[in-house]
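What follows is a set of notes on a single structure, which appears directly below.
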Amino acid sequence: MADSVNLTIDGKAVQAAPGTLVIDAAKKVGIEIPAFCYWEGLTLQAACRMCLVEVERMPKLMTACTLTVAEGMVVRTETPLVAEARKSMLEFVLTNHPLDCPVCDKGGECELQDMTFRYGAGEGRFDEMKVHVDEKQWSPVVYFDAPRCILCYRCVRICDEGMGVDALGVIYRGVVSEIAPNKEDHLQCDECGMCIDICPVGALTSGMYRYRTRPWEMEHTGTICAHCSNGCKTTLGTRNGQIIRGNNRDKSGINGEFLCIKGRYAFDFNSHPERLQSPLMRIGGKLEPVSWSRAIGEVARRFTEIRERGGRFGVVGSNRTSNEENYYLQKFARQGLGTNNIDHRRTGDVPALIDALAGRTGVLATVKDVYTAKASLVIGSDLAQQHPLLAYQLRANWRHHQSHTYTVTRGPVREDKYSVHGVRVEPGAELGALESLRDQLKAEPELVILFGDAIKGEAVRRLVEFGDSLGIPVKYICLVDYSNSRGAVDMGLLPHLGPGYQGVENPGMSLPEMLAAEDLDAFWVVGANPLEHNKLAADRAFVVVHDLFLTETAERADVVFPAASAYEKNGTVTNVCGEVQHLRSAVQTMGVKTDLEILGLLSKEMRINLGMWTPESVLREIRQTVRGYNVALPVIAAGGAAQSLPLNGRVTLDSRPELIQSAGDTLFTSGTLGRYSKTLLSVLEYPGVLYGEAAEPEADRR
Amino acid sequence: MLYNEPSPLEVKVLSRRFGLPDSQSINTYLAHEGYQAFRKAAAMTPDDIINEVKISSLRGRGGAGFPTGMKWSFVPRNSPKPKYIVVNADESEPGTCKDRLLMEYDPHQLIEGMMIAGLAVDAHTGYIYIRGEYRYLINLMDRAIAEAYERGYLGKNIQGTGFDFDVYTHTGAGAYECGEESALLESLEGKRGIPRIRPPFPAVSGAFQCPTVLNNVETYCAVPAIIRDGGAAFAALGTPKNGGTRLFCLSGHVNRPGVYELPMGFNLLRMINEVGGGVRGGKKLKAVIPGGSSCPVLKAEECDLAMDFDTVAQAKSMLGSGGVVVMDEDTCMVKAALRIMKFYAHESCGWCIPCREGTIWLRKLLDRFHAGFGQQGDIPLIGEVAKNMLGRTFCPLGDAAAMPTISFVEKFYDEFEAHLDGKPCPYEEVNRFALA
Amino acid sequence: MTFSPELEAKFEKLLRSYPPGRQRSALIPMLMFAQDEVGSVTPEVIAEIAARIGISELQVREVLSYYSMLHTKPMGKYHIQVCTNISCLLTGGEEIWEQARKKLGCGHKEVTADGQFSLEEVECIGACSWAPAIQVNYDFHHNVTPEKFNALIDSLRKLH
Ligand SMILES: Cc1cc2nc3c(=O)[nH]c(=O)nc-3n(C[C@H](O)[C@H](O)[C@H](O)COP(=O)(O)O)c2cc1C
Ligand code: SF4
Ligand code: FES
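Residue numbers (numbering that gives the first Met the number 0), protein chains in the order written: chain A, 0 to 701; chain B, 0 to 435; chain C, 0 to 159.
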């Protein structure tokens, strides 16, 4: 087969790889062929007939979405015949389409409106009764208005092929054909909203967004999802200081078109009525609102006093605050308070992996690698539940490149559906089970290994040894839980490791040790909730908490600072693959401050000089001092992801594997933050299950 | 008992055993040359079999008239995949009722035809997709298949030839679209009857994504005769490029409607007058649909023509599936167009926009028009809507709906005009308030 | 749910009629045969067949709702299907249809109060040369006249 095929489209000479579809070849040279049903990456339908073009020596108009390029082919996309065909398709589709654009959520960004404007018939000739069906609600987040549906089957395909869920289908036939949900009158699915996003018209609408605004009245801010570690870009639509929707329709970012329920809908924690909007101080045993200056003053005074008398601090950082905040916090603790008693909730053994791979290059996989690698091995994770984007990439890799997937898990996972080999193991036996896959894996040209918290400490080194023994290129992803879990480790929120995995001289207390230390004088928690399931042994400790909500930990505090959320700040976060991305502030909540600002104000009040506390200046320092973080600024600034590569040296290991444990969040939970998302709480699927472990609720089985 | 008296003008090749006592039994079949063609074919090379079929000028009897030998030759020889023989016994084209008889009176002829096709393309499994309404034929075919297994005409090493062949029946469940070959294959796989994107064609990727020969019942039934008597003999029965005979289904306003086996190229007027005994009640002929409801209608004066694929095509209609529907002078052509469109609107699978929306639009438009609420502008609109569907739909069902409609409007414009401006239908009383 | 031994045998045979891994092919025949026995495709039938074939209930419903002979509500003991398509139309199919509505006192896809009869106007049933034609369940009746129709219904009624 030739490497490329020469053809002519609208008089332009075009070269394309054999097998390219004419619609894609045209796009490459800037010729847009309109289409409803065609969607790159999904199976072909040829149903909407909008893409009909003239092709020399073909008796009929051809669908550019199914026609592959051929040597010498001559295609015309703007002839009178083509124009007339497009116009007639629009006329057909509008016959039964309600003209309720003025109240339709999609108005203004509707593909049918746009196409009618460009190619359509201004006047309808259809005088008959339209088919009407009432609107239905399929879940708290999904509504379906059948008459608006143009049956492009995008939703059906994205759900089946993209998500691997297959919750949507088509019932009846002919003009009454209708999209239908899997549970007769409702959906039971990932509630990801991909179907809504991909719908070209207003047939599928979002329970969060419907009838709340017109699209042009919103401002749009592209930032990074506040929930899991995969780090999807989400574009927040805001109006009057409120986030109204999240989506990723411009397909930019590492997640392309993908978002899960959290990235798309779980922004609603941000405007939860229980959001803290004023500092609180314990006065007469009760937490009372006070001014910022009073709260800052009080904390600074107590911290200074404790520091001066050589008291014991315990500092807990967050899995969700920005790299800049994490960096600044550890600097504050180490330099300002003179303690290495700093930790965070550890969810994966990243240091062990960094150590095992020290000195190598090209061994840390990116989100993109999961889509392109010839083979992948998932160990100890229910990927579709815990790492939705990685799971999406893996599925797409299988669909588009027939890649091989292997799973080693303790129960059934969605990846089984397409994995070439799935091994079931007792928890803890994961590593041993790999032997049974050795011969198959050896035969693969390359491999990405994704491993969860089952592999930690010594096991990580053994896993890498196993990888080395395969004799093929292997890349790794150490799975961690939250939006900046990786950044927390990289920035040194650890008692024994400073930023960039620098060993510290006198390792401090770990989080459980802090909780158990009866003589702790101050306990400072920045964006975490360690007291959710634990008690603080030190009854008399002065407790300071930064949070969005009055969590179990905040309730125990002496001073609570109302913190800004990830959607209210600038900075960077690092995803599970070590990719650094930009957070952009989309809204402001009255009364709150970013953690960085709170840290800065405290340091100023305490007369500790830790440097400027703007995100830019702290990032500059991080890039200069933290190993692996001299990432390209323009890439990040432009909304791209730059991978940090902290592999240039060994890590003084004191891995304490027993401290590492994933929270086991599902698609529908997100630690404490998830409890403040009405959307997550409202879906039937909440809180979700891992490894199919809980049976389907009885009520739902007929 | 036969459904209708045979005509002396018939040339009985496929229907030669019709009317024999116990004609469906394998004994009757064997006593009348049954399975001899299979024995002969088993001794031939696949190329020779295909060549014989090519020589016979046999063209598909399902509607499109594609040369059968050529279709068989498209099946890749060295594909490692299993290959399949699929019979299209969906027979749903309005005006068509011939495959029923072929299965009812001579089921073994069909089985033998499938086996020979199997020999020709190295297939060892066959499925007969029978429309759900023909339940009695499924039972009957199942009995015939069981008989064939019992007597060693199906199964392993058939009659010592070393050839293995299995046949299964499969029921449809009420969907005209499942007669379209790729929709049929989807239905065979347990799915909605939505056609597939082509290429690949069934010969390359058909049933279960494997190479497949898919033909109409009548097409397979012609094969034993072709092998037995030679392709040339079969070809000689018809006209050039249109070999053999064909079962024509004469219906509508004729005195002796029925299914008659006549040579390809038989004159249409003769068929109506001599085979069918003329127009019922001595009325004048107004129009004929020559090959099932998908074919453009012919006016009476266009009917003096040879019924073969090419001649009918020259007359801008189609030989189709052999359903000859005769309409006398008292037939309301608006009503006829409406009824046909009602069918297509009901049967459109709904997959593509122009067919889904076009058929229902036309049905509503014609309904309103026939009820006397038509306006001058509606007449050209009917034609234009149909033309906007033509050649642009996902599968030929859209064309099947558009083509007759266009012909009705063009050829009987005056009848449409006669319905205008609230005038009552000249042919019948219409309840104006019963708009569907 | 349990089916009769005969139906189980049919299912068994069906599942062996298609290539390995292609048992979904049995779906439409299974639905048809189950409908014949149960009277309609009930939610239980859907769940059972979905489980046996290993597909989702939605996939069954997608298919079920596509085919006009499959229905989710019970029809009469005698399901009277009157063809009014072109060949039947030309030979009096509409009169038969009107007659049927009058005689049975029910309309398209409706069931008589006693549950004995149901009526459906159907598309071409492949009896064009012997039109007008009707089907009672799976039995064909050709060259029907209003009188013959009445007699047929009366004789079916008498069976009770
Ligand atoms: C909408 C539609 C319905 C069809 N219905 C039938 C049918 O009922 N029986 C049939 O044999 N062919 C039918 N065909 C034609 C088939 O697609 C196919 O061409 C034929 O079965 C091939 O067999 P042949 O070459 O022997 O004719 C139909 C085609 C279309 C587009
Ligand atoms: S996959 Fe993770 S990062 Fe992406 S949208 Fe979902 S929760 Fe957010
Ligand atoms: S994009 Fe080609 S038919 Fe819809």
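Here a beta-carbon is modelled for each residue, glycine too, at the ideal position from N, C-alpha and C.
None of the values given here were measured: they were computed from a predicted structure.
In the DSSP assignment, PHE233(B) falls outside any beta strand (DSSP E) and within the unbroken alpha helix (DSSP H) covering 230–236. Taking 7 Å as the cut-off between beta carbons, the residues of the region 339–362 of chain B near chain C are ILE339, PHE342, HIS345 and GLU346, in sequence order.
Here the alpha carbon of GLY106(A) sits roughly 13 Å from the alpha carbon of LEU203(A). In this structure, GLU160(A) lies near ARG398(A), with their beta-carbon atoms less than 7 Å apart. Within 10 angstroms of the beta-carbon of ASP452(A) lie 16 or more other beta-carbons, which makes it buried. DSSP links TYR142(A) through a beta bridge to GLN136(A) and THR204(A). Runs of beta strand (DSSP E) with 3 or more residues, each lying fully within the region 396–449 of chain A, are found at 403–408 and 420–423, listed in chain order.
Against chain C, a Cβ distance below 7 Å from ASP165(A) picks out SER55. Looking at ILE178(A), ALA357(A) and LEU582(A), the one whose alpha-carbon comes closest to that of GLU324(A) is LEU582(A).
Proximity of GLU127(A) to chain B, defined by a Cβ-Cβ separation below 7 Å, is satisfied. Under the DSSP assignment, MET326(B) falls in the beta strand (DSSP E) whose first and last residues are 322–327.
In this structure, ligand 1 has a non-hydrogen atom nearer than 6 Å to the beta-carbon of PHE65(B). Residue environment analysis places LYS250(A) among the exposed positions, since fewer than 16 neighbouring C-beta atoms fall within 10 angstroms of its C-beta.
According to the DSSP assignment, THR220(A) belongs to the beta strand (DSSP E) that extends over 218–223. From the beta-carbon of MET88(A), the residues of chain B found nearer than 7 Å are ILE352 and PRO353. Distances from the CA of VAL544(A) to each of THR67(A), LEU98(A), MET280(A) and GLY168(A) were compared; the closest alpha carbon is that of MET280(A). Below 8 Å, enough C-beta pairs join the region 84–99 of chain C and the region 116–133 of chain C to call them touching: three or more. In this structure LYS285(A) is exposed. Its beta-carbon is surrounded by fewer than 16 other beta-carbon atoms within 10 angstroms. With fewer than 16 neighbouring CB atoms inside 10 Å of its own CB, MET611(A) falls in the exposed class.
Burial of ASN387(B) is indicated by the presence of at least 16 other C-beta atoms within 10 angstroms of its C-beta. Annotated as distal: VAL12(B) and ALA143(B), with beta-carbon spacing of 7 Å or more. Per DSSP, GLU61(C) is one residue of the alpha helix (DSSP H) stretching across 56–63.
Not one heavy atom of ligand 1 falls within 6 Å of the beta-carbon of LEU318(B). Using a Cβ-Cβ cut-off of 7 Å, CYS82(C) does not count as an interface residue toward chain B, since no Cβ of chain B sits closer than that to its own.
The nearest non-hydrogen atom of ligand 1 is 6 Å or more from the C-beta of ASP228(B).
When the beta-carbon positions are compared, TYR137(C) and ARG99(B) stay at least 7 Å from each other.
Between ligand 1 and the CB of LEU101(B), the shortest heavy atom gap is not smaller than 6 Å. The beta carbon of SER64(C) sits closer than 7 Å to some beta carbon of chain A.
Residue pairing by DSSP places TRP523(A) opposite VAL314(A) and VAL543(A) in a beta bridge. Contact between ASP329(B) and TYR426(B) holds: CB atoms are separated by about 6 Å, below the 8 Å threshold. Beta-carbon to beta-carbon, ASN254(A) and CYS227(A) are separated by about 11 Å, too far to satisfy the 8 Å threshold.
For the region 107–133 of chain C, the residues whose beta carbon sits under 7 Å from a beta carbon of chain B are, in order, GLU122, CYS123, ILE124, GLY125, ALA126, CYS127, SER128, TRP129 and ALA130.
Spanning the alpha carbons of HIS219(A) and LEU235(A) requires a straight line of approximately 5 Å. Here DSSP, grouped into helix, strand and coil, assigns VAL130(A) to coil. Under the Cβ distance rule, ALA84(A) counts among the residues neighbouring chain B, one pair being separated by less than 7 Å.
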